[in-house]
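Notes follow the structure.
Protein chains: 2
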Amino acid sequence: MIEEKQIQELFPNLEQGLYDELMMYGEIKEYRAGSTMLRIGQNIRSTMLVLEGVVKLYQEDDEGNEFFIYNIQPGQACAVSMVCTFQQEKSQVMARALTDVTVLNIPLQYMDKWLSQYKSWHYFVIKTYRSRYDELLKTVNEIAFKNMDERLEFYLKRQVKQFGRQVKLTHQEIASDLNSSREVISRLMKKMEKNGWIIIHRNSFEWIRD
Amino acid sequence: MIEEKQIQELFPNLEQGLYDELMMYGEIKEYRAGSTMLRIGQNIRSTMLVLEGVVKLYQEDDEGNEFFIYNIQPGQACAVSMVCTFQQEKSQVMARALTDVTVLNIPLQYMDKWLSQYKSWHYFVIKTYRSRYDELLKTVNEIAFKNMDERLEFYLKRQVKQFGRQVKLTHQEIASDLNSSREVISRLMKKMEKNGWIIIHRNSFEWIRD
DNA sequence: AGACTTATGTGATAAATGTCACACCCTCAT
DNA sequence: ATGAGGGTGTGACATTTATCACATAAGTCT
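Residue numbers (the numbering used here), protein chains in the order written: chain G, 1 to 210; chain U, 1001 to 1210.
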C-alpha cells in the first residue's frame, strides 16, 4: 500500500493540500518488468509519477532497435505525459518498465486544475520539463559529436550511476540502446576491460575505475 | 516601435492584462545579424520572446562546429531561457541571430509573478517547453537512426519550410550544422540536383521537388 | 581584363563502424 | 551428461563518412 508519507518523501516541496489531492485522485497503477507503458503514436490521457521501479524511455526504428533516451526513476515524472488538457497529444517515444514499476496516474483534468491552484505543482511540471530537456540536450551532444567509444563510456557511466557498480545488461542490449551492433560493443568493452575500467561478466559488467 | 497590437498578433490567446504587463515590463532588445545571443555556460537572467528575425539554436564542439538544433521564429520563445526564479540555470546551448533580431526580454521576476497570476502565460510556457522538446526528439531520431543523405534531406526541407524555396546557405554552413564535412555535403547535394530535387547556386540552393 | 577570394566538384585514400561467419563459452532443462 | 540456446570473442570484409589534394568556377576589386 502506498502511504501519503512515501509520496511526500519522493516528491518533496509540494503543498499539503496537493498531497491530499494526489492521494485522493491519483490512481496507483502497476506494471510488470518488461511491459510496455507507452507506445509511439499513443494518445496521452494522463500524467505518470513514478513511485517505484525504473522506466526506460526510448525511440524505436523500423528494425526494432530501441535507442535509449533516458531512465525515469522514483520521484520523477514522465515529461512526455505532461500535456495541457485541451491538446491531447501523441507520444513520439516508447516507455518500458525495466523493473516492476508502480506509478501514480494523474487524470488530465486534475493536471489542469492543480496548475492554477497549486504553485508548487506548477514548478514541479516546469522543473520536470526543464530537466528532461537538459537530459535530451546531453544525448544530442553525445551522438552529434562523439565516436562510439566515448558514447559507450558515457552510457555505461550513466547506468552505473543509476544502478550501482554492477550493471545487468547484455552486449546486445547495450548495442541496441546506442543503435550500434553487438560486435562493436563487444570489442570496445573488451578494450575497456584491458584498460582496467570494467570487468565483463556474462549478462552484466562491473565498473571498477574511479 | 513595437505596438501592443503586434504582440497580440504574434502571441495570441493571452489575457488582456498580460499584454499590458508585457508592454510595461518587457524590454525590447535588438541584436545585429550574426551576433551571439546566448553562450554555453552563460547564466540565464531573463526570458526571450522573439518579435522579429530568426534565432539559431546550436551546440558547439571543441573545433567550433555549430551543430544545428532548431531555429526560433517570431511568435516563439526560447525554452532554454525559461527558468523558475529560484534556480537560475546555465545554458547548455548557443544562440545566434541569423538575421537582425528583435526580442522582448522578460525579467525573471515577472516570469514568476505571471505564472501564478495568468493562466494563459502558464500554458504558453508549458507549450513552449513541449514543442521544443518535441523538436529535439525529432533531431535525436534523425541522428540516431539515419544516414547522412536522409539527414541532409530532412535538414534542407526544414530550412525550406522556414525560409521558402530559395535558401541562402553555403555547403560549408550546412556541413557544420550537420557536423559533417563540406565535401560530403557537396557530393550529396550534387546527387540531389541530378535527381531533380534541387538546383545549386553559389551561396544558396533552390528546392524544386514536391 | 587580371588578380584575388571564396565556393564548389571530384578522385584517392583513411578511419570508423557495420556485417558476416564461425568458434567457444556458459547455463539450464531433460 | 548432454544437447540446445544464448551470450561473447574475433577475423575478414563491406559500407559509410571523413580527410587530403587539387581543379574549376563564380563573384569582387582595381
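Glycine is no exception: its CB is placed at the ideal position from the N, C-alpha and C atoms. For clarity, every value in this text was computed on a predicted model and none was experimentally measured.
For the pair of segments examined, the region 1156 to 1171 of chain U was found to touch the region 1199 to 1206 of chain U: the number of CB pairs separated by less than 8 Å reaches three. Under DSSP, no beta-bridge partner is assigned to residue 1128 of chain U. Shortest Cα-Cα distance from residue 1141 of chain U to any of G:67, G:2 and G:53 involves G:67.
Distance check between residue 73 of chain G and each of G:95, G:192, G:63 and G:121 places G:95 closest, using alpha-carbon atoms only. The continuous beta strand (DSSP E) containing residue 59 of chain G extends over residues 55 to 60.
Counting only runs that start and end inside the region 74 to 117 of chain G, the beta strand (DSSP E) elements of at least 3 residues fall at 94 to 97 and 101 to 107. For residue 1051 of chain U, the enclosing beta strand (DSSP E) covers residues 1046 to 1052.
Cβ-Cβ separation between residue 91 of chain G and residue 80 of chain G: approximately 6 Å, consistent with a contact (criterion under 8 Å). Sequence-distant Cβ neighbours of residue 1097 of chain U in its own chain, meaning closer than 7 Å and more than five residues away, are 1031, 1032, 1033, 1034, 1035, 1037, 1053 and 1055. In terms of beta-carbon proximity, residue 28 of chain G stays away from the interface with chain U, with every pair separated by 8 Å or more.
Contact check for residue 174 of chain G against residue 185 of chain G passes: the beta carbons are separated by less than 8 Å. Non-local C-beta neighbours of residue 151 of chain G in its own chain, meaning closer than 8 Å and more than five positions away in sequence, comprise 142, 143 and 178, ordered along the chain. Residue 1105 of chain U and residue 1176 of chain U do not touch by the CB rule: their CB atoms are close to 29 Å apart, not below 8 Å.
For residue 1185 of chain U, the enclosing alpha helix (DSSP H) starts and ends at 1182 to 1194. Close to residue 1116 of chain U, with beta-carbon spacing below 7 Å, are these residues of chain G in chain order: 119. Listed in chain order, the beta strand (DSSP E) runs fully inside the region 1135 to 1168 of chain U amount to none, counting runs of at least 3 residues. In the three-state reduction of the DSSP assignment, residue 1173 of chain U falls in the helix class, which pools H, G and I. Cβ-Cβ distances below 8 Å link residue 1146 of chain U to 1154 in the same chain, with the five nearest sequence neighbours on each side left out; the list follows chain order. For residue 1045 of chain U, there are no neighbours in chain G by C-beta distance under 8 Å, as the nearest C-beta there is about 16 Å away. Between residue 1129 of chain U and chain G, the shortest Cβ-Cβ separation is below 8 Å. In the three-state scheme derived from DSSP, where H, G and I count as helix and E and B as strand, residue 1007 of chain U is classed as helix.
Listed by position along chain G, the residues whose Cβ is nearer than 7 Å to that of residue 1195 of chain U form an empty set, because the closest Cβ is around 23 Å away. Contact with chain G is found for residue 1093 of chain U, since one of that chain's Cβ atoms lies less than 8 Å from the residue's Cβ. Of all alpha-carbon atoms in U:1004, U:1011 and U:1190, the one lying nearest the alpha-carbon of residue 1023 of chain U is that of U:1004. Chain U has a Cβ within less than 8 Å of the Cβ of residue 132 of chain G.
The C-beta separation of residue 103 of chain G from residue 58 of chain G comes to about 17 Å, leaving the pair out of contact by the 8 Å criterion.
For the pair residue 1075 of chain U and residue 1021 of chain U, the Cα-to-Cα distance works out to about 17 Å.
U:1116 is the residue among U:1130, U:1015 and U:1116 whose C-alpha sits nearest the C-alpha of residue 119 of chain G.
Put simply, the CB of residue 79 of chain G is near chain U, with a gap under 8 Å to one of its CB atoms. The DSSP-derived three-state label of residue 1021 of chain U is helix. The beta carbons of residue 125 of chain G and residue 1126 of chain U sit about 7 Å from each other, so the pair counts as a contact at 8 Å. About 11 Å separates the Cβ atoms of residue 1111 of chain U and residue 1077 of chain U, ruling out a contact at the 8 Å cut-off. The Cβ neighbour count for residue 1065 of chain U, taken over all protein chains shown within 10 Å, is at least 16; the residue is labelled buried. With respect to the 8 Å criterion, residue 1129 of chain U and residue 136 of chain G are not classified as neighbours on the basis of their beta carbons. Take the alpha-carbon of residue 1192 of chain U and the one of residue 182 of chain G: they are about 34 Å apart.
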